[in-house]
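For the record, in the sequence shown the residue sitting at position 83 is 83 according to UniProt numbering, with numbers rising by one throughout.
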Amino acid sequence: HSLNLYIIPRCRIQRGAARVTGFKVRGQRLYLHRQLVFTNSLKEVVVSFLTFLQMLGRPLLIGHNIRSFDCPLLARALDELDLRAEFQASVSGCVDTLPLARELLRDRRLQSFRQENLVRELLGINYKAHDALEDVRTLQTLYGFLQPTQDVVCRHKFTLDTMESKPAVPSSNSKIPLKLPGQRPLLEHFRQTGKETKRHDEVDPLQHEHI
Numbered sequence: 001h002s003l004n005l006y007i008i009p010r011c012r013i014q015r016g017a018a019r020v021t022g023f024k025v026r027g028q029r030l031y032l033h034r035q036l037v038f039t040n041s042l043k044e045v046v047v048s049f050l051t052f053l054q055m056l057g058r059p060l061l062i063g064h065n066i067r068s069f070d071c072p073l074l075a076r077a078l079d080e081l082d083l084r085a086e087f088q089a090s091v092s093g094c095v096d097t098l099p100l101a102r103e104l105l106r107d108r109r110l111q112s113f114r115q116e117n118l119v120r121e122l123l124g125i126n127y128k129a130h131d132a133l134e135d136v137r138t139l140q141t142l143y144g145f146l147q148p149t150q151d152v153v154c155r156h157k158f159t160l161d162t163m164e165s166k167p168a169v170p171s172s173n174s175k176i177p178l179k180l181p182g183q184r185p186l187l188e189h190f191r192q193t194g195k196e197t198k199r200h201d202e203v204d205p206l207q208h209e210h211i
């Protein structure tokens, strides 16, 4: 399953962000790599997203750098539409793979934990970063490679109400097993759920939602 929706940004798309993402707005129309795309209102996008999550049966929402970037923006939109409670009831929680990867890979001495760098260093592949669906599919593969234990997942699990508190990180002497045989349901949820946004530099991802 996948959900891919677009919305006209409320703020101006900066030149650097447009170059990275391929998005431009002209005459109240949104273009992606010079191709006109159909857009929805913020309410239509959020309601569709909630319906999508409910169809999956309270999945665990996983994304890269979502705790400090995407989720605050999502919370703002949900609060604007008075739908935060409905969202909280539609998911079992959220997990940010950025701090999770930093914990699991702290001995690798990687120079960057950006998703595209992790995919290149760990999986040996390059992909079309900043394309939302490609970001989701690639993060799914990366998450499968990391295979965090249930303890690690729980340590990085948060809700919109707790996202401002820092996740607990074990000491550098702790040994972290990577594989959990019983984690199949979590991965199945992840395969079905789209990441609600991915980093779009200076562009508010909720203003051009990709799921």
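We treat Cβ as the ideally placed atom computed from N, Cα and C, and that holds for glycine.
- The three-state reading of DSSP puts cysteine 154 in helix, counting H, G and I together.
- Counting only runs of 3+ residues, the beta strand (DSSP E) found wholly inside the segment 75-160 occupies 93-96, in chain order.
- Cβ contact annotation for asparagine 126 (same chain, cutoff 7 Å, sequence separation greater than five): Arg120, in chain order.
- Annotated three-state conformation of arginine 15 is helix, per DSSP.
- Between the segment 87-107 and the segment 50-58, the count of Cβ pairs shorter than 8 Å is three or higher; the stretches touch.
- Judged by beta-carbon spacing, threonine 39 lies within the 7 Å limit of isoleucine 8, meaning their Cβ atoms are closer than that value.
- About 6 Å separates the beta carbons of phenylalanine 113 and leucine 98, which is inside the 8 Å limit, making them a contact pair.
- For the pair leucine 146 and alanine 101, the Cα-to-Cα distance works out to about 8 Å.
- Closest in C-alpha terms to arginine 29, from the list Ala17, Arg10, Arg15 and Thr162, comes Arg10.
- In the DSSP secondary-structure assignment, glutamine 35 is bridged to Leu32.
- It is roughly 15 Å from the alpha-carbon of aspartate 135 to the alpha-carbon of glycine 22.
- By the criterion of a C-beta distance shorter than 7 Å, lysine 24 is surrounded in its chain by Ile13, Ala18 and Tyr31, once the five residues flanking it on both sides are discounted.
- Taking leucine 50 as the centre and dropping the five residues before and after it, the same chain places the C-beta of Leu83, Glu86, Phe87 and Ser90 closer than 8 Å to its C-beta, in chain order.
- Arginine 67 and serine 48 have their C-alpha atoms some 22 Å from each other.
- Valine 25 is bridged by DSSP to Leu30.
- In the three-state reduction of the DSSP assignment, leucine 5 falls in the coil class, being assigned neither a helical nor a strand state.
- The straight-line gap separating the alpha-carbon atoms of lysine 43 and asparagine 4 is approximately 15 Å.
- Counting along the chain, serine 48 sits inside the alpha helix (DSSP H) bounded by residues 42-56.
- With a cutoff of 7 Å on beta-carbon distance, leucine 81 and valine 46 are scored as near each other.
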